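Going letter by letter, the sequence shown gives residues 709 to 921 in our numbering.
Where a beta carbon is used, it is the ideal one built from N, C-alpha and C, also for glycine.
Computed from a predicted model, the values in this text were never measured in an experiment.
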Amino acid sequence: MAEYDDGAYYEVQLNNKQLVFFFMATLAIAVVVFLCGVMVGRGVHDATLAAAQNDIVAMSPSRATSEAQAMPVAGKPALDYTERLESDTVQHKLEGPDGPEPTKSVKSESPENVAAASRTRSNAPPPPPKPRARTLGKSDGVFTIQVVALKTEDAAESLLKRLKQKNYRAYLENGGEAGLHRVRVGRFSTRAEAETVAQKLRDEERFKPYITQ
């Protein structure tokens, strides 16, 4: 019969303090493992977002332009080069990165429209004539205005032409024995009419006229 060795058997006994310590240590280890898992998951998420942003930034402008050109314009079918040549409309703008610009068709005027426009212009009433400036002075009357008396006929003729261009009824009268050439303006029925024209000659022409009969 075999003998039983009491020295190979050990009994472990834990008191209340040791049980509480063992439980707290286990709980702490579980919390640490949970936090480590959360941190690892957050790091993987941030790395994924950074990689996606780098891919967007690294996209070349030519690729973005080609993708934008490949997208058809809303409401219009995309035409290739041959179809655009065969279309009846004429393009006045170049194609941009967002697709072809709206085209404008060239409209030719028919001979009937041109003839109708010509008839409309010909039937239009002529513009009213400009009012003619009133001549200062009459052909008959009691009073007249002597503007100046000059010795040379050429000077008198030049002044006479100047006054007629300004709508004065001017005329030339020789001075007889004195040999003067008198430049006079019109005839007037009343002295008040003559005085009005004489005052105009003083203010605008800087003469010193006087009224005579």
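Just the Cα atoms here: how many angstroms apart are residue i and residue j?
| i | j | result |
| --- | --- | --- |
| Pro-917 | Ile-853 | 7 angstroms |
| Arg-892 | Val-855 | 5 angstroms |
| Lys-725 | Phe-742 | 26 angstroms |
| Val-740 | Ala-733 | 11 angstroms |
| Asp-848 | Ser-897 | 8 angstroms |
| Val-728 | Ile-737 | 14 angstroms |
| Glu-865 | Gln-873 | 12 angstroms |
| Ala-886 | Asp-862 | 17 angstroms |
| Val-748 | Leu-735 | 20 angstroms |
| Thr-860 | Glu-913 | 20 angstroms |
| Thr-828 | Arg-910 | 51 angstroms |
| Ser-826 | Pro-819 | 11 angstroms |
| Ala-823 | Phe-915 | 59 angstroms |
Since residue i sits in a beta bridge, which residues does DSSP pair it with?
| i | result |
| --- | --- |
| Val-891 | Val-856 and Leu-880 |
| Phe-896 | Phe-851 |
Is DSSP giving residue i helix, strand or coil here?
| i | result |
| --- | --- |
| Phe-729 | helix |
| Thr-920 | strand |
| Lys-846 | strand |
| Phe-742 | helix |
| Met-709 | Note that Met-709 scores 48 on pLDDT, short of 50, meaning its location in the model is unreliable and no value can be drawn from it. |
| Lys-908 | helix |
| His-800 | Summary for His-800: the model assigns pLDDT 49, below 50, so the residue's position carries little reliability; its value from the coordinates is reported in the next sentence. Of the three classes helix, strand and coil, the one that applies to His-800 here is coil, per DSSP. |
| Pro-819 | helix |
| Lys-874 | coil |
| Asn-723 | coil |
| Arg-827 | helix |
| Arg-914 | coil |
Is the separation between the beta-carbon of residue i and that of residue j shorter than 8 angstroms?
| i | j | result |
| --- | --- | --- |
| Gln-907 | Phe-851 | no |
| Lys-846 | Gly-894 | yes |
| Leu-868 | Ala-878 | yes |
| Glu-881 | Arg-870 | no |
| Leu-858 | Val-905 | no |
| Arg-842 | Asn-875 | yes |
| Ala-900 | Ile-919 | no |
Is the Cβ of residue i closer than 8 angstroms to any Cβ of chain D?
| i | result |
| --- | --- |
| Leu-868 | As a matter of chain content, chain D is missing from the structure shown, which is built from one protein chain. |
Shorter than 7 angstroms, the distance from the beta carbon of residue i to the closest heavy atom of the ligand GTP, or not?
| i | result |
| --- | --- |
| Asn-821 | Summarising the ligand content, the structure contains no ligands, and the ligand GTP is consequently not present. |
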